[in-house]
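Here the structure comes first, spelled out in structure tokens, and everything after it is commentary.
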Amino acid sequence: MSIIQFLRILWARRWVTVAATISCVLGAFIVTLIVPPRYSAYSRVMMDLVKPDPVTGQVTAAPSFARAYTKTQIELIKDYRVAGQVVEDLGWLQDPNLITQYDMRGPGDDRDFRRWAAQRVIDGTGASLIEGSNILEISYTSNSPESARTVADALRKAYIDTSLAFRRESARRTAEWYEAQAEKAKTVLVSAEAAKTAYEKQTGIVLQDGGPDIESAKLSALAAASAASAAPVIAGPSASALQLAQIDASIAQASRVLGPNHPDLIAMRQQRTVMAQQVAQERSAVGAMAGASAVSAGALERQKNKVIGQRDQVERLRQLQAEVDLRRSQFEKAAARTAELRQEAEVGETNLVPLGSAVTPQSPSFPNMPLIMFGALGFGLGFGVLVSLLIELFGRRVRGAEDVTAIIDAPLLAVIAGPHKPPTFLGFSLPTGGARGAARRKFANA
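Counting in the working numbering, the sequence shown runs from 6 upward without gaps.
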């Protein structure tokens, strides 16, 4: 079908399109007059996702976590716990009108009054995140603008209170679990320390704070002392002995030429006496050092044997000490986490910041007269065109040369204009009068 054929069909069936459009617009107008207006009020709250938690320091600004967190908050706003608190805060449980409506509910509805009233709040509640921001917009739709504003503010307050209550409750439950784990870790720690103490008493081995046992520490001290007290290796006679030999040679040479009472000879003999005493002292010191070194070496060897003999016991004691250290670390971590969660359970703020208050709506959000009328106009035009095409499809007519060539496989030689037909509407002929109508009838009868 070409565009010319399509336009010819629309023009031939134009009254169908006009009738469908007028009917849709008129029906939409009647609906806007019948349907009761509904008003929407909006309340906003800012989610401070970048601010770290005052207790844990956690930041929820990760993109994936932020999306999941936002979706969870939107579902929480529509939850029964929030709606139930709104019902209680607004005093709906004592409202006689609501009580009467509740009494008139269907026989299959077995909900209690609080849940029934909360469902009314949930049905009119909406929440969405404003694009490009971290502001959550809470909306409530009602037949009364004042009621819409009041419930919107109550929803925001209940949402913030519920979020805080959830956080405290979660922290409290987790703290109780960690506290139980800390008690278990403490019991195991006491048992481990008792086992280590009993083994120390049994073996007489005590580990120092740094890790080595006392006997190993003694061995290290003896090794250091033995190395420090080792006698130096003497390659030859000492300097004092050489000087004494020189003095003896000088005395022997002087005795040949000098008398026994010569002052020089007496002086050399006195010098020899002093030097001989010094040499004797040096030899005595060297002997004492050699004896001490031998004693130290013996003590070192005995301590080595003792340490080697206690190696298995020391290793077992170190295993017990490692067990004690592990249990103590577990207990300290569990106790620290318990204290942190107890503090979080007492926190009085969340990362939700209320922004202003809801404003009483001045115009209804539904029905939206311009939107409904333009929508009905577009729907009526489309419906009229569709009906026109369907009528033409089931009652196909030749309206131009293109239709003839499409039906008959033969060349078209000429086109003869047909008689003028009176106007019709929905298949009915319209009356004509006056000179113009007579001229039309005369032309039609010619």
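Heads up, the beta-carbon is just placed ideally off N, CA and C, and yes, glycines get one too.
query: Backbone secondary structure at R402 - three-state DSSP; result: coil
query: Contacts around T208, its chain only, beta-carbon distance under 6 Å, and the 5 residues preceding and following it disregarded; result: Q318
query: N- and C-terminal bounds of the alpha helix (DSSP H) containing I210; result: No alpha helix (DSSP H) holds I210; DSSP gives it neither H nor E.
query: Selection from F34, A24, W20 that minimises the alpha carbon distance to F379; result: F34
query: Per-residue DSSP class, three states only, for G137; result: coil
query: CA-to-CA distance, L325 to A200, given in whole angstroms; result: 7 Å
query: Spatially closest choice to L331 from S149, L194, G113, by CA coordinates; result: L194
query: Supposed contact pair E151 and T365 - C-beta distance, whole angstroms, cut 8 Å; result: 6 Å
query: Beta strand (DSSP E) runs wholly inside the stretch 119-175, at least 3 long, in chain order; result: 130-134, 140-147
query: Beta strand (DSSP E) segment containing A419, residue limits; result: Run containing A419: none; DSSP gives neither H nor E here.
query: Any beta strand (DSSP E) of 3 or more consecutive residues that is wholly inside the stretch 13-97; result: 44-52
query: Residue interval of the alpha helix (DSSP H) (run including L103); result: 101-108
query: Classification of L160 by the beta-carbon crowding that lies within 10 angstroms, buried from 16 upward; result: buried
query: Paired residues, beta bridge with L360 - DSSP; result: R49
query: Cβ neighbours of I82 in the same chain (closer than 7 Å, five flanking residues each side left out); result: T130, A132, I143, L160, Y164
query: CB contact flag (G96, R119, <7 Å); result: no
query: Three CB pairs or more closer than 8 Å across the stretch 33-50 and the stretch 358-376; result: yes
query: Cβ-based neighbour list, R86, same chain, cut-off 8 Å, excluding 5 preceding and 5 following; result: T167
query: Inter-stretch contact at 8 Å, needing at least 3 Cβ pairs: the stretch 170-190 / the stretch 107-114; result: no
query: Nearest neighbour of Y74, chosen from Q348, L134, R402 [CA to CA]; result: L134
query: contact_flag[the stretch 42-53, the stretch 384-402] where n(CB pairs < 8 Å) is 3 or more; result: no
query: Buried versus exposed, by CB contacts within 10 Å (16 or more), I8; result: exposed
query: Close-in-space but distant-in-sequence residues of the same chain around A184 (CB under 7 Å, 5 per side omitted); result: Before going further, note that residue 184 is Glu rather than Ala in the sequence given. Excluding residues within five positions, the ones whose Cβ falls inside 7 Å are T343.
query: Three-pair Cβ contact test at 8 Å for the stretch 17-31 versus the stretch 384-391; result: yes
query: Through-space distance from R321 to Q186, alpha-carbon basis; result: 27 Å
query: Cβ separation of E288 and I256, assumed to be a contact under 8 Å, to the nearest whole Å; result: A quick correction: the sequence has Arg, not Glu, at residue 288. With a Cβ gap of about 21 Å, R288 and I256 do not count as contacting.
query: Buried/exposed call for A153, threshold 16 Cβ in 10 Å; result: buried
query: When T26, S196, V403, E349 are compared against E181, the one with the closest alpha-carbon; result: E349
query: Sub-7 Å separation of A190 and A339 beta-carbons; result: yes
query: Between the CA atoms of A203 and Q286 - distance to the nearest angstrom; result: 54 Å
query: Beta carbon of D92 nearer than 7 Å to that of G385; result: Sequence check: residue 92 is Val here, not Asp. Going by C-beta atoms, V92 is not nearer than 7 Å to G385.
query: 8 Å contact criterion, which A39 and L360 should meet: CB distance rounded; result: The question names Ala, but residue 39 in the sequence shown is Ile. With a Cβ gap of about 37 Å, I39 and L360 do not count as contacting.
query: Bridge partner(s) assigned by DSSP for T371; result: Going by the sequence as given, residue 371 is Phe instead of Thr. F371 pairs with R43.
query: Closest by C-alpha distance to D94, when choosing among R72, D269, A259, D158; result: D158
query: Nearest residue (CA-CA) to L357, options D53, A25, Q10, V23; result: D53
query: Straight-line Cα distance separating A244 from A254; result: 16 Å
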